Amino acid sequence: MESPGIVLAFFALSGVTVMSALLVFVARNLLHALAFLVLSFLGMAGLFLTLSADFIGIAQILIYAGSISVLMVFAVMLTPLASRNNGSTLYVIPALLAAGGLSSIIGFIAIDTEWDERKGDALAKSDFTTTIAGIGDLLLGRYLLAFEVASVLLLFALLGAIVLVQERRRAGEGA
Amino acid sequence: MPPIPAIQDLSITLAHYIGLSGTVFAIGALIALSKRNAVAVLMGIELMLNAVNLTVLAFSRFSAAFDKTGSAPLEGHVFVVFVLTVAAAEAAVALAMAVLVYRRRETVDLDRVNLMRW
Numbered sequence: 001m002e003s004p005g006i007v008l009a010f011f012a013l014s015g016v017t018v019m020s021a022l023l024v025f026v027a028r029n030l031l032h033a034l035a036f037l038v039l040s041f042l043g044m045a046g047l048f049l050t051l052s053a054d055f056i057g058i059a060q061i062l063i064y065a066g067s068i069s070v071l072m073v074f075a076v077m078l079t080p081l082a083s084r085n086n087g088s089t090l091y092v093i094p095a096l097l098a099a100g101g102l103s104s105i106i107g108f109i110a111i112d113t114e115w116d117e118r119k120g121d122a123l124a125k126s127d128f129t130t131t132i133a134g135i136g137d138l139l140l141g142r143y144l145l146a147f148e149v150a151s152v153l154l155l156f157a158l159l160g161a162i163v164l165v166q167e168r169r170r171a172g173e174g175a
Numbered sequence: 001m002p003p004i005p006a007i008q009d010l011s012i013t014l015a016h017y018i019g020l021s022g023t024v025f026a027i028g029a030l031i032a033l034s035k036r037n038a039v040a041v042l043m044g045i046e047l048m049l050n051a052v053n054l055t056v057l058a059f060s061r062f063s064a065a066f067d068k069t070g071s072a073p074l075e076g077h078v079f080v081v082f083v084l085t086v087a088a089a090e091a092a093v094a095l096a097m098a099v100l101v102y103r104r105r106e107t108v109d110l111d112r113v114n115l116m117r118w
């Protein structure tokens with residue numbers, strides 16, 4: 001993790017991610033906030049790639065930047081009379097204090113702890129060449145039960161979303 | 001690429017990733033706690049999930065050299081796959097609930113959706 005490319009990529013991508021996450025908070029229009037959220041997801045996908053997590057990086061772009069943001073656009077468009085402004089409630093001051101405290105505590109712990117992680121050549125030697133085959137082995141091997149439960153969860157989420165937003169016809173109006 | 005002196009002696013460590021992830025998590029928590037619109041609250045929750053994914057992947061990468069068997073320790077990646085799945089399911093159900101609340105109340109303002117029945 002000492003090569004200039006990785007260092008530059010880390011700082012550029014973390015700048016993009018944090019700035020666009022802040023702009024999600026600051027933006028006045030809900031759709032603008034959504035666009036900045038997509039930018040933040042893309043920056044995060046780039047950060048995953050710097051950790052040589054190729055499969056997760058691509059899945060992040062597909063699932064977060066692709067489908068979840070489209071779902072959110074749908075939710076905004078399906079609620080046309082609701083206000084589009086991205087206003088805050090009265091809790092913004094305590095929330096700011098809590099968020100500032102949280103990030104400074106985590107930052108302090110991150111700097112203060114001796115992580116004893118591998119550095120330099122040992123780290124470079126253990127670079128993942130590809131992660132896809134290993135993830136597939138683990139998903140269909142040791143974590144097979146969790147994999148199946150996740151598929152059932154997705155099925156029920158699909159059914160639940162359909163049942164929730166279905167237009168219910170009153171009795172007597174016919175089928 | 002010619003050596004650039006300013007970044008030549010910099011090295012990205014685990015602490016960098018954890019600090020960044022803590023910052024993004026705090027911004028997500030700030031959005032989720034303070035926004036008025038239900039969809040904006042969901043955006044904050046997704047940012048928090050993303051920050052946690054970054055932490056898990058960073059630990060997976062920086063502990064890779066400790067693995068004795070020589071195979072890549074990808075448990076962290078598998079965990080992130082499950083987090084992605086649950087996040088997608090949760091977003092679908094939460095947005096369906098937002099649309100449902102809008103249909104009954106014509107608002108998704110969380111200050112005005114404060115009754116358990118209506």
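Residue numbers (this note's numbering), protein chains in the order written: chain C, 1 to 175; chain B, 1 to 118. Beta carbons are placed, not taken as given, at the ideal position from N, Cα and C, and that holds for glycine. Every value quoted in this text rests on a predicted model; they were computed, and no experiment measured them.
#### Entry: 7 Å Cβ cut-off: residues of chain B touching Gly-46(C)
None at all; the shortest Cβ gap to chain B is about 11 Å.
### Query
Under three-state DSSP, which class holds Asp-54(C)?
Secondary structure at Asp-54(C): helix, using DSSP grouped into helix, strand and coil.
### Query
the segment 70-84 of chain C: which residues have C-beta closer than 8 Å to a C-beta of chain B, in chain order?
Within the segment 70-84 of chain C, the residues whose Cβ lies closer than 8 Å to some Cβ of chain B are Leu-71, Met-72, Phe-74, Ala-75, Val-76, Leu-78, Thr-79, Leu-81, Ala-82, Ser-83, listed in chain order.
### Message
If contacts are defined as beta-carbon pairs under 8 Å, then Ile-45(B) and Gly-22(B) qualify, I think. What distance do you get, rounded to the angstrom?
### Response
With 8 Å as the limit, Ile-45(B) and Gly-22(B) do not qualify as a contact, their Cβ atoms being about 16 Å apart.
#### Entry: Residues sharing a beta bridge with Leu-88(C), DSSP
Note that residue 88(C) corresponds to Ser in the displayed sequence, not to Leu. The partner list for Ser-88(C) (beta bridge, DSSP) reads Lys-35(B).
#### Entry: Supposed contact pair Ala-38(B) and Ala-98(B) - C-beta distance, whole angstroms, cut 8 Å
In this structure, Ala-98(B) and Ala-38(B) form a Cβ contact; the two beta carbons are roughly 5 Å apart against a cut-off of 8 Å.
### Query
Using a beta-carbon distance below 8 Å, is Val-41(B) in contact with chain C?
Answer no: the Cβ-Cβ gap between Val-41(B) and chain C never drops below 8 Å.
### Query
Is it the case that the Cβ atoms of Ala-157(C) and Ala-89(B) are separated by a distance below 8 Å?
For Ala-157(C) and Ala-89(B), yes; Cβs fall inside 8 Å.
#### Entry: Straight-line Cα distance separating Phe-25(B) from Val-52(B)
Spanning the two alpha carbons is a distance of roughly 7 Å.
### Message
Tell me which residue opens and which closes the alpha helix (DSSP H) that Leu-13(C) is part of.
### Response
Looking at the DSSP string, the run of the alpha helix (DSSP H) that includes Leu-13(C) is 4-26.
### Query
Any Cβ of chain C within less than 8 Å of the Cβ of Met-97(B)?
Closer than 8 Å to the CB of Met-97(B) there is at least one CB belonging to chain C.
### Message
Along the chain, where does the alpha helix (DSSP H) containing Glu-117(C) start, and where does it finish?
### Response
First-last for Glu-117(C): undefined, no H or E at that position.
### Task
Please determine if the segment 37-54 of chain C and the segment 128-143 of chain C are in contact, where contact requires at least 3 C-beta pairs separated by less than 8 Å.
Contact holds: three or more Cβ-Cβ distances are below 8 Å.
#### Entry: Validate contact between the segment 13-24 of chain C and the segment 37-47 of chain C using beta carbons, cut 8 Å, 3 pairs
Contact between the segment 13-24 of chain C and the segment 37-47 of chain C is present: three or more C-beta pairs spanning the two stretches fall below 8 Å.
### Message
Taking a contact to mean a Cβ-Cβ separation below 8 Å, would you say Phe-62(B) touches Glu-117(C) in this structure?
### Response
Yes, they are a contact pair.
### Task
Could you tell me whether any Cβ in chain E is nearer than 8 Å to the Cβ of Gly-66(C)?
The chain inventory of the structure shown lacks chain E, comprising the protein chains C and B.
#### Entry: Beta-carbon neighbours of Ala-53(C), restricted to chain B and to distances below 8 Å
Those are Leu-57, Ser-60, Arg-61, His-77, Val-80, listed as they occur along chain B.
### Task
Could you pull out every residue in the same chain whose Cβ sits closer than 6 Å to the Cβ of Leu-34(C), ignoring the five residues on either side in sequence?
Within its own chain, the residues whose Cβ lies closer than 6 Å to the Cβ of Leu-34(C), once the five positions on either side in sequence are excluded, are Met-72, listed in chain order.
### Buried versus exposed, by CB contacts within 10 Å (16 or more), Ile-109(C)
By the 10 Å Cβ count, Ile-109(C) comes out exposed.
### Query
So the alpha helix (DSSP H) Val-78(B) belongs to, where does it begin and stop?
Run containing Val-78(B): 75-105, per the alpha helix (DSSP H) assignment.
### Message
For Leu-74(B) and Asn-85(C), I'd like the C-alpha separation in whole angstroms.
### Response
Distance between the alpha carbons of Leu-74(B) and Asn-85(C): 42 Å.
### Message
Does the CB of Ala-35(C) have a neighbour CB from chain B at under 8 Å?
### Response
Not closer than 8 Å to any Cβ of chain B, the Cβ of Ala-35(C) fails to qualify, so no.
### Task
Output yes or no for whether 8 Å exceeds the beta carbon distance between Arg-104(B) and Thr-89(C).
Pairing Arg-104(B) with Thr-89(C) gives a Cβ-Cβ distance that is not under 8 Å.
### Query
For Ile-31(B), does the count of other Cβ atoms within 10 angstroms reach 16, so buried, or fall short, so exposed?
By the beta-carbon neighbour count (other beta carbons within 10 angstroms, threshold 16), Ile-31(B) is buried.
### Task
For Ala-175(C), name the three-state secondary structure that DSSP assigns.
With a pLDDT of 44 at Ala-175(C), under the threshold of 50, the predicted position of this residue should be treated as unreliable, and no value is reported.
#### Entry: Span separating the alpha-carbon of Ala-98(C) from that of Ile-105(C)
C-alpha separation (whole angstroms): 10 Å.
### Query
Quick one, which of Phe-25(C), Glu-2(C), Phe-11(C) has its alpha-carbon nearest Ala-95(C)'s?
It is Phe-25(C) whose Cα lies nearest to the Cα of Ala-95(C).
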